[in-house]
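Novice: For the first sequence, my numbering begins at 1 and goes up steadily by one. In this text, a Cβ means the ideal position worked out from N, Cα and C, and glycines have one as well. As the structure is a computational prediction, the values presented were derived from the model and not from experiment.
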Amino acid sequence: MEKDLKKQIEVACQGTEDILVKDELVKMLGISIKENKPLKVKLGLDPTAPDIHLGHTVVLNKLRQFQDMGHKAVLIIGDYTARIGDPSGRSTLRPKLDPEVIDKNAETYMKQAFKILDSEKTEVVKNSEWLQPLQLADILNLTSRFTVARMLERDDFKKRFNGNISIAIMEFLYPIMQAYDSVAINSDIELGGTDQRFNLLVGRELQKDLGQRQQIAITMPLLVGLDGVSKMSKSLGNYIGVTEKPDEIFGKVMSIPDSLIIGYYRLLTRLPKTEIDSIEKQITTQGENPVFAKRNLAKIIIGILYDKQQAEDAEQHFDIIFKEKKIPDEIPEFCISGEDITEGRMSIVNLLVKSGLAESNADAKRQIIQGAIKANDVKITDINLIFNTQGLKGMIIQKGKRFFRKINIQ
RNA sequence: GGAGGAGUGCCCGAGUGGUCAAAGGGAGCAGACUGUAAAUCUGCCGGUGUAAGCCUACAUAGGUUCAAAUCCUUUCUCCUCCA
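1) With Gln112 as the anchor, note down where its alpha helix (DSSP H) starts and where it stops.
2) Check for me: the beta strand (DSSP E) holding Asn408 runs from which residue to which?
3) Identify whether Leu43 lies in helix, strand or coil by the three-state DSSP scheme.
4) State the DSSP-derived secondary structure class of Leu152, mapped to helix, strand or coil.
5) Would you report the Cα separation of Leu201 and Ile52, rounded to the nearest angstrom?
6) Given this structure, state the Cα-to-Cα distance separating Gln309 from Leu206, to the nearest angstrom.
7) Tyr180: which of Pro47, Asp138, Lys231 sits nearest, CA to CA?
8) Is the segment 208-216 close to the segment 231-243, with three or more CB pairs under 8 Å?
9) Thinking C-beta only, is Leu267 closer than 7 Å to Gly15?
10) Relative to the C-alpha of Lys115, which candidate in Gly356, Ile301, Ser355 has its C-alpha closest?
11) Considering only the beta carbon of each residue, do Glu120 and Met69 sit closer than 7 Å?
12) Between which residues of its own chain and Gly394 is the CB-CB distance below 8 Å, once the five residues before and five after are set aside?
13) Give me, in chain order, the residues of the same chain whose beta-carbon lies closer than 8 Å to that of Gln8; leave out the 5 immediate sequence neighbours on both sides.
14) For Ile369, does the count of other Cβ atoms within 10 angstroms reach 16, so buried, or fall short, so exposed?
15) Excluding the five sequence neighbours on either side, which residues of its own chain have a C-beta within less than 7 Å of the C-beta of Gln65, listed in chain order?
16) Out of Ser233, Val224, Thr274, which one is the CA nearest neighbour of Ser259?
17) Over what stretch of residues does the beta strand (DSSP E) that includes Asn388 continue unbroken?
18) For Leu173, collect the residues of the same chain with a Cβ closer than 6 Å to its Cβ; drop the 5 residues on either side in sequence, then sort them by chain order.
19) My understanding is that His317 touches Pro332, with C-beta atoms under 8 Å, so please give their C-beta distance in whole angstroms.
20) Determine the closest residue to Ser187 out of Pro272, Ile84, His71, Glu280, with distance taken between C-alpha atoms.
21) Assign Lys399 to one of three DSSP states: helix, strand, or coil.
22) For Ile169 and Asn199, I'd like the C-alpha separation in whole angstroms.
23) For Ala73, does the three-state DSSP call read helix, strand or coil?
24) Does Asn238 pass the burial test, meaning 16 or more other C-beta atoms within 10 Å, or should it be called exposed?
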């Protein structure tokens with residue numbers, strides 16, 4: 001266990017958005033060191049989707065840092081809360097999920113979370129374990145401790161309320177259930193994104209009400225997505241999944257706006273603060289081209305999710321395609337089937353649509369007109385072009401800089 | 001239960017009888033530029049068609065009209081106020 005209190009505090013606070021309450025955290029860490037008693041650090045994950053992305057890893061990274069300092073990570077699989085759906089940051093009620101789907105999601109979630117976490121030092125529990133057996137009387141008891149006014153203090157509820165958008169009563173139950181999780185495991189610290197702030201605080205209140213020591217709530221900033229505008233989310237498509245291929249991750253990191261680089265360092269790399277500060281200084285005041293920092297960032301992220309070697313490979317791959325503008329060696333294959341061929345011929349437009357490079361015939365034509373399409377590295381300008389299918393075997397069709405298809409005939 | 005407001009393209013949002021496939025922004029795609037899939041600039045951005053055009057689309061179903069996202073009615077959904 002890390003014995004240096006100062007260091008512990010620094011690591012604990014690094015990159016956080018908010019700590020409620022910081023003084024208490026300092027005290028708590030001090031006691032923990034003195035008594036050589038690790039703290040229970042809680043993180044709840046609702047398995048509402050099968051995959052996690054870098055946005056989720058922000059908080060996982062923080063948990064990992066606590067693990068590395070010798071504390072105990074308690075990962076709560078919100079299999080029961082997932083049925084309600086966290087209303088945080090939402091403007092509409094979440095769709096309900098089937099328990100089977102939730103279980104399945106939970107499985108892949110775990111696997112992916114352990115790309116970040118140290119599985120040896122993690123306790124995993126499902127909250128159905130204690131939420132399922134609750135009787136109505138228990139629930140009434142819990143709900144009686146909170147008021148509607150208190151619920152409406154929460155920003156997103158308030159916004160919905162004021163903005164004439166519906167709030168299901170059930171949604172009020174979500175924070176209470178999450179709070180009850182904290183009570184059930186008697187947590188010392190709970191981690192979450194900024195959108196979790198309210199939920200984490202309700203946990204504190206409930207613990208106090210039930211005579212437990214209040215947990216410290218640590219919130220992490222939400223990771224901005226690849227578009228540089230909205231938070232990273234699957235539904236917006238601006239995300240990097242942790243199971244994506246290294247090449248893909250590298251490319252996607254390279255596509256973030258330069259303004260996001262430092263934020264990504266802080267939230268995704270676990271590098272010491274001083275190091276990140278110096279990178280920031282190099283870019284902002286010493287005129288260093290951000291591309292280097294960005295490449296390095298991409299490699300670090302891949303290194304965490306895979307390993308160093310694969311990170312190097314991904315970088316090389318990127319250079320081959322985008323600096324030397326060569327064609328990558330792994331290209332998705334597209335197999336032409338008989339019905340697409342008329343009298344041994346197939347039009348370029350049809351080929352683009354069928355291979356998924358274009359969304360519609362109109363889109364295919366547009367792309368050709370804009371000069372985006374190449375066949376075997378030769379630009380195509382004629383939207384009426386028709387191929388003899390024999391000649392298509394092994395042909396490489398390219399759209400723009402980064403979409404390729406290798407043609408095959410069955 | 002009563003009174004009133006709202007529902008527009010992937011998202012936000014303008015539009016209140018024709019000039020609307022619908023302003024603007026965001027996202028997306030492409031081109032130029034670049035040591036970046038960054039920034040910036042330019043173009044595209046419902047389908048079909050070489051094109052004229054045709055089809056589909058402004059919650060839903062009908063109606064008025066030469067003509068409707070825009071007017072009327074039905075249904076659905078959401079909200080506000082009153083009780």
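Specialist: Quick answer:
1) 99-113
2) 403-409
3) strand
4) helix
5) 25 Å
6) 47 Å
7) Asp138
8) no
9) yes
10) Ile301
11) no
12) Lys406, Ile407, Asn408
13) Glu2, Leu29, Ile33, Met69
14) exposed
15) Val11, Arg270
16) Val224
17) 386-388
18) none
19) Not a contact, Cβ separation roughly 15 Å.
20) His71
21) strand
22) 16 Å
23) strand
24) buried
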